[in-house]
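Visitor: Numbering-wise (UniProt numbering), the sequence shown opens with residue 1 and increments by one. C-beta atoms are modelled at their ideal positions from N, C-alpha and C, and glycine is treated no differently. Structure below; questions to follow.
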Amino acid sequence: LRKRSFHLVSHTDVVMTFQLQCKLVIYFRDKLLKIYLLKFFLLLYMKLFKVFYLILTFCSAFCMYIQTNDKYGILFVMSSYGYLHVIDVNDSICLYEGILTNYKVVSPAAYKDSGIVCVNEKGYIVTAVVDEEEVISCLSIVLKNKSAVMKFARRCNLPGAEGVFAWKFWELCDNGEYYKAAELAVIIHVDSLATEKIIEYLRSAKLGKKEPNPVFLYFKRRLENGPLNNIGSFKLCELFLQRERKNFIIYLMKDSKLCCSKNWAIFSKNMTTFWPGQRIYEPVAILRLLNVFPRNIS
């Protein structure tokens, strides 16, 4: 009887403990879900609060019109006295503020897909449009937050951000974040001289013995986006021929990923040796000798 009662009590104990654990798990899960939802709505509230705080702060006159723009993720905020503010919703910052017209605004409306149009009390039609060619250059001068300008340019795929991207690239390199710098260098559209400088800097990056050189990540991302240009093709061939990776170059040639040109001889002035005791001044001839370079070059 004692054994049976012991077993019965033990079984009841286990059942009660199991039920208690289930309730605790459900309770904690419920609490965690509530905390997660609270954090989510708190962040959403803070984001909306920051946006509308900017609107109320900058608009000294009565805010009579707000126009959203999905193309750039911005808000056009127009006051009754012609004050215009352009606010980036993603980063909750004011991109532009100024007087669009000196007279009271009568009927503002959306203009195409990149601006706002209004009629003032004098009957003049006034428009404000985002100029894709100049907006990043202007924001780089006006705004102190360069990271916000870079995010806006990258999100909207706007030209003119090469200077901001270059600034971020060298900042990442100074902080030792070479892999992030290599990822960023892929989207920087610069001339051949700057491209060569970036590649050489990534090649000379001092890392640990087992860490791969960031220049390989750079070329990998470049090749994923399409064929390389003259200087990129030349530098990649120089890099892989030094490591005796001839088959990889042949594969890229067949896949039309490399740009072959007689201009390679111009880039070969500072080219290092492929093997001891020999300096290469004509990479085209050497690649022909290795049966890598095609005969019909442009």
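Given 8 Å as the limit, is there contact between the segment 176 to 189 and the segment 88 to 103, that is, 3 or more CB pairs closer than that?
Guide: These segments do not touch.
Visitor: Taking only three categories from DSSP, how would you classify Y36?
Guide: The predicted model places Y36 with a pLDDT of 43, which falls under 50 and marks its position as unreliable, so this point remains unresolved.
Visitor: Drop a sphere of 10 angstroms on the beta-carbon of R222, count the other beta-carbons inside from all chains shown, and report buried for 16 or more, exposed for fewer.
Guide: Classification for R222: buried.
Visitor: Short of 6 Å in beta carbon distance, which residues of its chain neighbour S137, apart from the five on each side in sequence? Order them along the chain.
Guide: So the list reads G160, once near-sequence residues are dropped.
Visitor: Could you check whether the segment 120 to 129 touches the segment 163 to 170, counting it as contact only if at least three pairs of C-beta atoms, one from each stretch, sit closer than 8 Å?
Guide: Result no; under three Cβ-Cβ pairs closer than 8 Å.
Visitor: In angstroms, rounded to a whole number, what distance separates the CA positions of E224 and M253?
Guide: About 15 Å.
Visitor: Report the partner residues of E97 according to the DSSP bridge assignment.
Guide: E97 is bridged to H85.
Visitor: Just to confirm before moving on: does the CB-CB distance between L258 and L228 stay below 7 Å?
Guide: For L258 and L228, yes; Cβs fall inside 7 Å.
Visitor: Residue range of the alpha helix (DSSP H) that G232 falls in?
Guide: From DSSP, the alpha helix (DSSP H) with G232 extends over 230 to 242.
Visitor: If you count every other CB in all the chains shown that lies within 10 Å of the CB of A153, and 16 or more means buried, which is it?
Guide: With 16 or more Cβ atoms within 10 Å of its Cβ, A153 is classed as buried.
Visitor: On the three-state DSSP scale, how would you describe K144?
Guide: Coil, per DSSP.
Visitor: Quick check on this structure: which residue in K209, G82, A128 has the alpha carbon closest to the alpha carbon of I99?
Guide: Here the closest residue by C-alpha is G82.
Visitor: Using CA coordinates, which residue listed in E177, P212, N157, S256 is at the minimum distance from I188?
Guide: The candidate whose alpha carbon is nearest that of I188 is N157.
Visitor: Give me whichever residues DSSP pairs with T127 in a beta bridge.
Guide: According to DSSP, which records beta bridges pairwise, T127 is partnered with V117.
Visitor: Looking at the secondary structure, which residues open and close the beta strand (DSSP E) in which I74 lies?
Guide: That run of the beta strand (DSSP E) goes 74 to 79.
Visitor: For P212, count neighbouring C-beta atoms within 10 Å of its own C-beta (all shown protein chains included) and say buried if the count is 16 or more, exposed if not.
Guide: That one is exposed.
Visitor: Can you tell me whether DSSP reads A205 as helix, strand or coil?
Guide: Note: A205 maps to coil in three-state DSSP.
Visitor: Output the boundary residues of the beta strand (DSSP E) element that contains A109.
Guide: Counting along the chain, the beta strand (DSSP E) containing A109 begins and ends at 109 to 111.
Visitor: Ignore the nearest five residues each way along the sequence and tell me which others in E133's own chain have a CB closer than 8 Å to its CB.
Guide: Closer than 8 Å at the Cβ level, and outside the excluded window around E133, lie P159, G160.
Visitor: Note down, in chain order, each residue of its chain lying with its Cβ closer than 6 Å to the Cβ of F248, except the 5 sequence neighbours on either side.
Guide: Same-chain partners within the cutoff: F240.
Visitor: With distance defined between alpha-carbon atoms, name the residue in Q242, R245, E200, R155 nearest to I231.
Guide: If we check each option's Cα against that of I231, E200 comes out closest.
Visitor: With the cut-off set at 7 Å, would you say Q67 and I116 are in Cβ contact?
Guide: Contact: yes.
Visitor: Residues in the same chain with beta-carbon distance under 7 Å from Y111, minus the five sequence neighbours each way, listed in chain order, please.
Guide: Counting only Cβ-Cβ distances below 7 Å, and skipping sequence neighbours, we find V117, T127, V129.
Visitor: Report back the beta-carbon spacing between F76 and V86 to the nearest angstrom; my notes put them in contact at under 8 Å.
Guide: So it is a contact: roughly 6 Å between Cβ atoms.
Visitor: Shortest alpha-carbon distance to D174 belongs to which of M150, A194, A205?
Guide: Considering only alpha carbons, the answer is A205.
Visitor: Below 7 Å CB to CB, which residues in the same chain sit around S256 once its five sequence neighbours on both sides are set aside?
Guide: Excluding sequence neighbours, S256 sits near P227.
Visitor: Which residues mark the beginning and the end of the alpha helix (DSSP H) in which R222 is found?
Guide: Segment 214 to 225, the alpha helix (DSSP H) holding R222.
Visitor: In chain order, what residues of the same chain have a beta carbon less than 8 Å from the beta carbon of L33, not counting five sequence neighbours either side?
Guide: Note that L33 has pLDDT 41, beneath the 50 cutoff, so the model's placement of it is unreliable and no number is given.
Visitor: Can you tell me which of the three DSSP states Y103 falls into?
Guide: Of the three classes helix, strand and coil, the one that applies to Y103 here is coil, per DSSP.
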